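Taken in order, these protein sequences are the chains called A and B.
If you read the first sequence in this note's numbering, its first letter stands for residue 1, the second for the next number, and so on.
If you read the second sequence in this note's numbering, its first letter stands for residue 115, the second for the next number, and so on.
Worksheet: one structure, shown below.
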Amino acid sequence: EPEVTQTPSHQVTQMGQEVILRCVPISNHLYFYWYRQILGQKVEFLVSFYNNEISEKSEIFDDQFSVERPDGSNFTLKIRSTKLEDSAMYFCASRFGAEGEKLFFGSGTQLSVL
Amino acid sequence: SQQGEEDPQALSIQEGENATMNCSYKTSINNLQWYRQNSGRGLVHLILIRSNEREKHSGRLRVTLDTSKKSSSLLITASRAADTASYFCATDGGIQGAQKLVFGQGTRLTINP
């Protein structure tokens, strides 16, 4: 079965540094998402992306966050100036259609901000 | 918030027993989905039930949906040690063209051999 791949699997950074989390969604998918999960707790929606623009974002997704699809395959999440509370597992997900279809998740990037 | 709430937060049973997890949500929905997460891994889709459906089966999984009570249940029959994982329900908020899924807190299921 096709997979969503995320790199790196672990990222350690200093507070205030910029990080870029990378994702390669499934090739024919059209809708892309970032979620995060703190310490195995609830999975929180960050942002959805369709047709090369953000379609929805949560309150968590403030000006420090941005997403980009620089080419036909990669989908990135950038955090400009990381805070301690950004430490979490970040999941990329994709799906072909918007409604009534399942999300395919990557294995996640564990971000630790020191 | 449309967020689903799973109940119980944690469930520990013996192998071979049935496991039932519940989900309540607040808004209308087009569909409700259940996902599984093994420790430290991404979520994997298990089953989807549409708002006009009341029950759905897939292998050892049985999902029910009661839209009048805004609740769903996931039953895993004849549990196995490999079913140990966290289980999440996810809803779409009932908006046409809605793109995001909102996940609940999850139920941590432990199957004891």
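Just so it is clear, CB atoms sit at the ideal spot from N, CA and C, and this is done for glycine as well.
Computed from a prediction, not measured in an experiment: that's the story for all the values here.
Original post:
Skipping 5 residues on each side, what residues in its chain have a beta carbon closer than 7 Å to that of Lys170 of chain B?
Top reply: Within the second sequence, numbered from 1, the residue matching residue 170 of chain B stands at position 56. Closer than 7 Å at Cβ, skipping near neighbours: Ile161, Ile163 and Val177.
Subject >> Contained beta strand (DSSP E) runs [length at least 3] in the region 164 to 204 of chain B, N- to C-terminal order >> reply: Counting whole runs of 3 or more residues, the region 164 to 204 of chain B contains the beta strand (DSSP E) stretches 169 to 172, 175 to 180 and 185 to 190.
**OP:** Using 10 angstroms around the beta-carbon of Lys183 of chain B, count the other beta-carbons present and answer buried if the total reaches 16, otherwise exposed.
**Re:** Walking along the second sequence from the start, residue 183 of chain B turns up at place 69. Answer is exposed; the Cβ neighbour count stays below 16.
**OP:** Answer yes or no: does any C-beta atom of chain A fall closer than 8 Å to that of Ser115 of chain B?
**Re:** Taking the first residue of the second sequence as position 1, residue 115 of chain B is located at position 1. Interpretation of Ser115 of chain B is limited by its pLDDT of 47, a score under 50 that renders its predicted location unreliable; the figure taken from the coordinates is listed afterwards. Among the CB atoms of chain A, none fall inside 8 Å of the CB of Ser115 of chain B.
Original post:
What number of angstroms, rounded off, separates the C-alpha of Thr82 of chain A from the C-alpha of Asp62 of chain A?
Top reply: Counting from 1 along the first sequence, the entry for residue 82 of chain A is found at position 82. Counting from 1 along the first sequence, the entry for residue 62 of chain A is found at position 62. So the two alpha carbons sit approximately 12 Å from each other.
Original post:
Under the three-state reduction of DSSP, which class applies to Asp71 of chain A: helix, strand or coil?
Top reply: Against the first sequence, residue 71 of chain A aligns to sequence position 71. Coil, per DSSP.
Original post:
If you measure from the beta carbon of Lys42 of chain A to each beta carbon in chain B, is any gap under 8 Å?
Top reply: As a first step, residue 42 of chain A must be located in the first sequence, where it is residue number 42. So yes, Lys42 of chain A belongs to the interface.
Original post:
Residues bridged to Tyr149 of chain B by DSSP?
Top reply: Taking the first residue of the second sequence as position 1, residue 149 of chain B is located at position 35. DSSP, once it has assigned bridges, lists B:His159 and B:Phe202 as partnering Tyr149 of chain B.
**OP:** Alpha carbon to alpha carbon, how far is Thr224 of chain B from Ala192 of chain B? Give it in angstroms, no decimals.
**Re:** Counting from one through the second sequence, the residue named residue 192 of chain B turns up at place 78. Counting from one through the second sequence, the residue named residue 224 of chain B turns up at place 110. Looking at the two C-alpha atoms, the distance is approximately 13 Å.
Original post:
Can you name the start and end residues of the beta strand (DSSP E) that Asp121 of chain B belongs to?
Top reply: Here residue 121 of chain B corresponds to residue number 7 of the second sequence, with the count starting at 1. The continuous beta strand (DSSP E) containing Asp121 of chain B extends over residues Glu119 to Asp121.
Subject >> Check whether Gln219 of chain B and Lys42 of chain A have beta carbons under 8 Å apart >> reply: The residue given as residue 219 of chain B occupies position 105 in the second sequence. The residue given as residue 42 of chain A occupies position 42 in the first sequence. Their beta carbons are under 8 Å apart, which means Gln219 of chain B touches Lys42 of chain A by this criterion.
Original post:
In chain order, what residues of the same chain lie with their CB nearer than 6 Å to the CB of Gln110 of chain A, ignoring the 5 residues before and after it?
Top reply: Numbered from 1 along the first sequence, position 110 holds the residue referred to as residue 110 of chain A. If we look at Gln110 of chain A and ignore the five residues flanking it on each side, its Cβ neighbours are His10 and Met89.
**OP:** Can you grab the Cα-Cα spacing for the pair Leu189 of chain B / Lys214 of chain B, in whole Å?
**Re:** The residue given as residue 189 of chain B occupies position 75 in the second sequence. The residue given as residue 214 of chain B occupies position 100 in the second sequence. Spanning the alpha carbons of Leu189 of chain B and Lys214 of chain B requires a straight line of approximately 25 Å.
Subject >> As assigned by DSSP and simplified to three states, the class of Leu111 of chain A >> reply: Taking the first residue of the first sequence as 1, we reach residue 111 of chain A at position 111. Strand at Leu111 of chain A.
Original post:
Between the beta-carbon of Gly108 of chain A and the beta-carbon of Thr5 of chain A, is there less than 8 Å?
Top reply: To locate residue 108 of chain A, count along the first sequence from 1; it is residue 108. To locate residue 5 of chain A, count along the first sequence from 1; it is residue 5. No. Outside cutoff.
Original post:
Which partner residues does Glu131 of chain B have in the DSSP bridge list?
Top reply: Taking the second sequence and counting its residues from 1, the one referred to as residue 131 of chain B is at position 17. According to DSSP, Glu131 of chain B shares a beta bridge with no other residue.
Subject >> Coarse secondary structure for Glu44 of chain A, derived from DSSP in three states >> reply: As a first step, residue 44 of chain A must be located in the first sequence, where it is residue number 44. In the three-state reduction of the DSSP assignment, Glu44 of chain A falls in the strand class, which pools E and B.
**OP:** Check whether the Cβ atoms of Trp34 of chain A and Val47 of chain A lie closer than 8 Å to each other.
**Re:** Numbered from 1 along the first sequence, position 34 holds the residue referred to as residue 34 of chain A. Numbered from 1 along the first sequence, position 47 holds the residue referred to as residue 47 of chain A. Yes, they are a contact pair.
Original post:
How is Leu223 of chain B classed by DSSP in three states: helix, strand or coil?
Top reply: Position 109 of the second sequence, counting from 1, holds the residue named residue 223 of chain B. In the structure shown, Leu223 of chain B sits in a strand (DSSP, three-state: E or B).
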